[in-house]
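Read in order, the letters of the sequence shown correspond to residues -19 to -1, 1 to 249 in mature numbering (1 follows the signal peptide of the UniProt record, and there is no 0).
Ideal placement from N, C-alpha and C gives every residue a C-beta, glycine not left out.
If you're wondering where the values come from, they're calculated on a predicted model, not measured in any experiment.
Working notes, beginning with the structure itself.
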Amino acid sequence: MFGTFLNLILLLTAINLSAQVYPAARYCAMGGTGNALQGVEGLTSNVAGIGSMTASRAGIYHQEHFLNTDIRTQGLLLAVPTKLGVFGSHISNYGIKDAYSELKANLSYAKRFGPQLSIGLALNYHQLQLREYGKNQAFSADVGLQFQVKPFWVIGARVANPGYASYNYSAYSVIPVIIGVGTSYQFHPNLLITADSEKVLYRDKVDFRTGLEYKPISWMSFRGGIGLNEFSQFCGFGFVYHKMILDLATVIHHRLGLSPQLLLAYAF
């Protein structure tokens, strides 16, 4: 009982400090950047990132927050390209079992307009559950775009919850309004550099993050990054075997410790 209470205090402290529900492992390992990256992981960051997909992909991920606590995130990802555009869905749950839970489920759509521009929209369902207070629900939307300036250079922007959706009551959790911009630059066929800047409207500071991905061989990638607001370091690696993808990431928070994540995906 005391352990659960302590974990809940830690969880609420973490929400107030950084509200960190990190993107999927590849983006997470690259400093939590993703506004200008492409792939199914865009469902956890900038939804426009799925607009360039040409093959379907499904994935499942799990993250342990601060390692020695019971705070966890689990999620499912699915993106399916069609002639009309790319349709996707993302379901995630963040919290402590039987104490605190934030469920988010969305339906997403992204479309490429010509060879350079992708625009995406996500419609979200939120459910907040606190053991002593019951459930609360809300709906929100996210919008994003990406523009390919050159074959090796992409810029992106997103707004999460532009309609300021909120729960009816909650002293501990909000649905943040986030404005983000970012860029990715392929300096070399083996080296990708990213940078993101994001502002959560109820906070004073702007968060700046940068990351990289180095691919020495076609089936292996090494990743790293840093975040300046609530200084954090990020690292990870990825493997591809035929149609299977395994990504691992770790967030190193200077006060709260390690948050490892694993994602397993399949392309079809």
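Residue span of the alpha helix (DSSP H) that contains residue i, given as start and end
i, result
"Tyr8", "6 to 10"
Unbroken beta strand (DSSP E) run spanning residue i, endpoints
i, result
"Asp228", "225 to 234"
"Pro241", "238 to 248"
"Lys116", "115 to 131"
"Tyr166", "159 to 169"
"Ala138", "134 to 141"
"Ala39", "38 to 45"
Beta-carbon proximity of residue i to residue j, cut-off 7 Å
i, j, result
"Ala5", "Ile31", "no"
"Ala119", "Tyr148", "yes"
"Val162", "Tyr145", "no"
Spatially closest choice to residue i from the options, by CA coordinates
i, options, result
"Ser165", "Leu57, Trp134, Ser26", "Trp134"
"Arg53", "Ser70, Pro241, Gly192", "Pro241"
"Thr35", "Val21, Ala10, Glu45, Ile41", "Val21"
"residue 257", "Leu126, Asn210, Glu83, Asn171", "Because the chain here runs from -19 to 249, residue 257 falls outside it and cannot be looked at."
"Val2", "Thr231, Ala246, Phe249", "Thr231"
"Leu245", "Val130, Lys224, Gly23", "Lys224"
"His235", "Val221, Tyr247, Gly219, Asn210", "Asn210"
Residues bridged to residue i [DSSP beta-bridge criterion]
i, result
"Ile72", "Leu57, Ala86"
"Gln97", "Bridge partners of Gln97: none, in fact."
"Met201", "Ile198, Phe220"
"Val181", "Ile159"
"Ser213", "Gly208, His234"
Buried versus exposed, by CB contacts within 10 Å (16 or more), residue i
i, result
"Arg190", "buried"
"Ile198", "exposed"
"Met(-19)", "Any reading at Met(-19) must be qualified, since the residue scores a pLDDT of 47, below 50, and its modelled position is unreliable; the value itself is stated next. Looking at its Cβ environment, which holds fewer than 16 other Cβ atoms inside 10 Å, Met(-19) is exposed."
"Ser(-2)", "Low confidence applies to Ser(-2): its pLDDT is 41, below 50, so where it sits in the model is not reliable enough to give any reading."
"Met11", "buried"
"Ser213", "buried"
"Tyr42", "buried"
Any non-hydrogen atom of the ligand SAH closer than 6 Å to residue i Cβ
i, result
"Cys216", "Absence of the ligand SAH from the depicted structure is noted, as is the absence of any ligand whatsoever, leaving it without description."
Interface flag, residue i vs chain D, CB-CB below 7 Å
i, result
"Tyr3", "Protein chain content of the structure displayed is limited to a single chain, and chain D is not contained in it."
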